[in-house]
Amino acid sequence: MDKMNFGLIGVGVMGQNLALNIERNGFSVAVYDRALDKVNEFTKGKASGKRIIGATSIESFLQQLERPRRIVLLVNAGKPVDDVIDGLRPQLGKGDIIIDGGNSFFLDTERRAADLEKHGIFFVGSGVSGGEEGALKGPSLMPGGAKEAYDIISPVLTKIAAHVNGEPCCTYIGPRGAGHYVKMVHNGIEYAIMQLICETYDILKTGYGLPAPEIAKIFDKWNQTELNSYLFEITSKVLNKIDDVTHKPLVDFILDTAEQKGTGKWTSQNAFDLGTPIPTINAAVESRMLSSFKDQRVKASRILRGPDAHPAEKEESMINEVRDALHASIIASYSQGMALMQAASAEYKYDLKVDQIAAIWRGGCIIRAKILEEIRQAYRRNPSLQNMMTDDYFSGTLNKLQAPWRRTVQIASGAGIPVLAMSASLSYYDAYRRERLPANLLQGQRDFFGAHTYRRIDKEGIFHTKWEE
Ligand code: 6PG
1 MDKMNFGLIG VGVMGQNLAL NIERNGFSVA VYDRALDKVN EFTKGKASGK
51 RIIGATSIES FLQQLERPRR IVLLVNAGKP VDDVIDGLRP QLGKGDIIID
101 GGNSFFLDTE RRAADLEKHG IFFVGSGVSG GEEGALKGPS LMPGGAKEAY
151 DIISPVLTKI AAHVNGEPCC TYIGPRGAGH YVKMVHNGIE YAIMQLICET
201 YDILKTGYGL PAPEIAKIFD KWNQTELNSY LFEITSKVLN KIDDVTHKPL
251 VDFILDTAEQ KGTGKWTSQN AFDLGTPIPT INAAVESRML SSFKDQRVKA
301 SRILRGPDAH PAEKEESMIN EVRDALHASI IASYSQGMAL MQAASAEYKY
351 DLKVDQIAAI WRGGCIIRAK ILEEIRQAYR RNPSLQNMMT DDYFSGTLNK
401 LQAPWRRTVQ IASGAGIPVL AMSASLSYYD AYRRERLPAN LLQGQRDFFG
451 AHTYRRIDKE GIFHTKWEE
């Protein structure tokens, strides 16, 4: 029997869909999972009649693959990835390629790549975004690792990825952990935009008293504008869903505690390491944490007072202002994410091409949106752009949106609606654009209690003052 072109370990829904996608694009696939029943069910079910065969052991799986072996892992991040690699390594040969398609932490990817390199085995850490549907129909792929290995697998990756205007949503990201780093930042931006959408929903619901189906219509309308994005599209579908049991909007019956698997938190932790402010992403992570304190919130709601309940007067123009505030906050979120990647590129020597990253996020992934074409153009115009907000197109947009942005944050805070992410976005904008910040006072305080010294605006040098007798 002919050897199979590709191997895939981890036959969950993502793994199954990716295998079907690879096969549909003309490559045969051998699949393996520790849970053999999953392999069986898949090969006899969705994969039957296709050039996908199941293996009952790692040994037979490896025997079925052509060389160099190209094996994609779709197992849970963390220890399961190390376990699978430990099982594979003794049986792999020089030039074989392992591709980790999970949401692995980028420093784990760096460690694994270095270990495997000693054995002549390539390790490609690839971000895969787009969820189950993306895996099947075309995800956005962010592969990082040895360029030599990428060149061998790129004919397959660029075929199975989503395409926008004929361009694949897949490009070589950079060495070692670069691919997983970029996927981590993708998820940080994903957290930020999801939280901003939720805060907007809260303003429309709590502030303007609109029911879920009305808000769905508003998101649908906004989705026809330059705000067009996958997350708006699904938000409207979630808001429109009617519960089978109560025959009312399902969203109103979902418990308000958000969960998370950790990629947003990693983005925040890493941004602190790199000294790069990403306040909207941080606010999004913290909003999920606050939401999880349901019991405490219920108790506090009886102790701490908010403003007297009075839904704000709803006018068409005010709803448009909420849209403007969301739009500006989304620009601020992308600006933070792009700036973080530039800082990481310098720190880790990833040589990231942020315009190309924006390009491969235009399709397939969760944050795919019309704005990404503008982002790509901005970094093409000026590859060393320090902050996206200062690009001509985006500064022009923000200068127009800043007034309604402020009014929306004021209305929310007046109505007692928490807008951690939206207000963090506005303060990021204001802090970044202010020539002078109150850090002069902070330096004075530091010098007062710790003789930490300060610099002056009117002469060179380091100064210390004896602040009191
Ligand atoms: C994607 C998603 C995907 C996953 C998130 C969910 O790009 O396809 O980001 O990777 O759905 O990791 O993350 P949380 O569970 O932390 O929300």
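Counting along the sequence shown from 1, when you hit position 358 you're at 358 in the working numbering, and nothing is skipped either side.
Don't be surprised by glycine CBs; every beta carbon is placed ideally from N, CA and C.
Practice item. Can you give me the start and stop residues for the alpha helix (DSSP H) that A55 sits inside? Key: If you number the sequence shown from 1, residue 55 lands on position 55. Note, A55: premise wrong, no alpha helix (DSSP H); not H, not E.
Point to revise | Whole-number beta carbon distance between T397 and I462, since they are thought to touch under 8 Å | key: The residue you call residue 462 lines up with position 462 of the sequence shown. The residue you call residue 397 lines up with position 397 of the sequence shown. Not a contact, Cβ separation roughly 41 Å.
**Study point:** heavy atom of the ligand 6PG below 7 Å from N5 C-beta
**Key:** For the purposes of this step, residue 5 is identified with residue 5 of the sequence shown, where counting begins at 1. Answer for N5: no, Cβ out of range of the ligand 6PG.
Review point. Thinking C-alpha only, which one of I371, A19, W361 is nearest L136?
Key: Along the sequence shown, read from residue 1 onward, the residue named residue 136 stands at position 136. Nearest option by C-alpha distance: A19.
Check your understanding: Which residue's Cα is closest to the Cα of G130: E460, K353, I367, A344?
Key -> Counted from its first residue, the sequence shown places residue 130 at position 130. Among E460, K353, I367, A344, the Cα nearest to that of G130 belongs to I367.
Check your understanding: Curious, which full-length alpha helix (DSSP H) runs of at least 4 residues does the segment 120-202 contain?
Key -> 131-137, 147-160, 178-202
Review point. What is the residue span of the alpha helix (DSSP H) that A30 lies within?
Key: Translated into the one-based positions of the sequence shown, residue 30 becomes position 30. Counting along the chain, A30 falls outside any alpha helix (DSSP H), though it belongs to the beta strand (DSSP E) covering 29-32.
Check your understanding: What does DSSP give as the partner residues of F6 in its beta bridges?
Key -> Here residue 6 corresponds to residue number 6 of the sequence shown, with the count starting at 1. Paired residue(s): V29.
**Study point:** Boundaries (first-last residue) of the alpha helix (DSSP H) holding V245
**Key:** Residue numbering aside, residue 245 sits at position 245 when the sequence shown is read from its first letter. Looking at the DSSP string, V245 is not in any alpha helix (DSSP H), and its letter there is neither H nor E.
Check your understanding: Hey, is H186 close to the ligand NAP, as in C-beta under 7 Å from one of its heavy atoms?
Key -> For the ligand NAP, the structure offers nothing, since it holds only the ligand 6PG.
Practice item. Drop a sphere of 10 angstroms on the beta-carbon of F219, count the other beta-carbons inside from all chains shown, and report buried for 16 or more, exposed for fewer. Key: Against the sequence shown, residue 219 aligns to sequence position 219. Buried.
Check your understanding: Start and end of the beta strand (DSSP E) containing L398?
Key -> As a first step, residue 398 must be located in the sequence shown, where it is residue number 398. Careful: L398 lies outside any beta strand (DSSP E), inside the alpha helix (DSSP H) at 392-414.
**Study point:** Identity of the residue in G26, V39, I85, N25 nearest V13 by Cα
**Key:** Indexing the sequence shown from 1 puts residue 13 at position 13. For the residues G26, V39, I85, N25, the minimum Cα distance to V13 belongs to V39.
Check your understanding: Do E190 and the ligand 6PG come close, with the Cβ less than 7 Å from some heavy atom?
Key -> On the sequence shown, residue 190 is found 190 positions in, with the first residue counted as 1. Under cutoff, so the answer is yes.
Point to revise | Secondary structure of I357, DSSP reduced to three states | key: Reading the sequence shown from its first residue, position 357 is the one you call residue 357. Of the three classes helix, strand and coil, the one that applies to I357 here is helix, per DSSP.
Check your understanding: Using CA coordinates, which residue listed in G416, D96, G127, I278 is at the minimum distance from I152?
Key -> Counted from its first residue, the sequence shown places residue 152 at position 152. It is D96 whose Cα lies nearest to the Cα of I152.
Check your understanding: Within 10 angstroms of its Cβ, does V298 collect 16 or more other Cβ (buried), or is it exposed?
Key -> Numbered from 1 along the sequence shown, position 298 holds the residue referred to as residue 298. When all chains shown are included, V298 counts as exposed.
Check your understanding: Comparing the CB of C198 with every heavy atom of the ligand 6PG, is any distance shorter than 7 Å?
Key -> As a working note, residue 198 is residue 198 in the sequence shown. False, no ligand heavy atom lies under 7 Å from that Cβ.
Check your understanding: Is it the case that the CB of Q269 approaches a heavy atom of the ligand 6PG more closely than 7 Å?
Key -> Here the question's residue 269 lines up with position 269 in the sequence shown. Answer for Q269: no, Cβ out of range of the ligand 6PG.
Check your understanding: Taking the C-alpha atoms as reference points, what is the distance between S395 and A439?
Key -> As a first step, residue 395 must be located in the sequence shown, where it is residue number 395. As a first step, residue 439 must be located in the sequence shown, where it is residue number 439. Cα to Cα, S395 sits roughly 25 Å from A439.
Review point. For the ligand 6PG, is there a heavy atom less than 7 Å away from the beta-carbon of G416?
Key: Taking the sequence shown and counting its residues from 1, one reaches residue 416 at position 416. Checking every heavy atom of the ligand 6PG against the Cβ of G416, none is found closer than 7 Å.
Practice item. Starting from the C-beta of Q356, find all residues in its chain whose C-beta is less than 7 Å away, skip the five residues before and the five after it, and write them out in chain order. Key: Taking the first residue of the sequence shown as position 1, residue 356 is located at position 356. So the list reads T171, once near-sequence residues are dropped.
Point to revise | Any 3 or more C-beta pairs closer than 8 Å across the segment 189-200 and the segment 321-335 | key: yes
Point to revise | Proximity winner among V75, T206, R24, relative to G127 (alpha-carbon distances) | key: The count along the sequence shown starts at 1 and reaches residue 127 at position 127. Comparing Cα positions, the closest option is V75.
Check your understanding: For Y32 versus I53, is the C-beta spacing smaller than 8 Å?
Key -> For the purposes of this step, residue 32 is taken as the residue at position 32 of the sequence shown. For the purposes of this step, residue 53 is taken as the residue at position 53 of the sequence shown. In this structure, I53 does not lie closer than 8 Å to Y32 by Cβ.
Check your understanding: So the beta strand (DSSP E) D100 belongs to, where does it begin and stop?
Key -> On the sequence shown, position 100 is the one that residue 100 refers to. 97-100 is the extent of the beta strand (DSSP E) around D100.
Check your understanding: Should N76 be counted as a contact of the ligand 6PG given a C-beta to heavy atom distance under 7 Å?
Key -> Locating residue 76 in the sequence shown gives position 76, counting from the first residue. It does not: the Cβ of N76 is nowhere closer than 7 Å to a heavy atom of the ligand 6PG.
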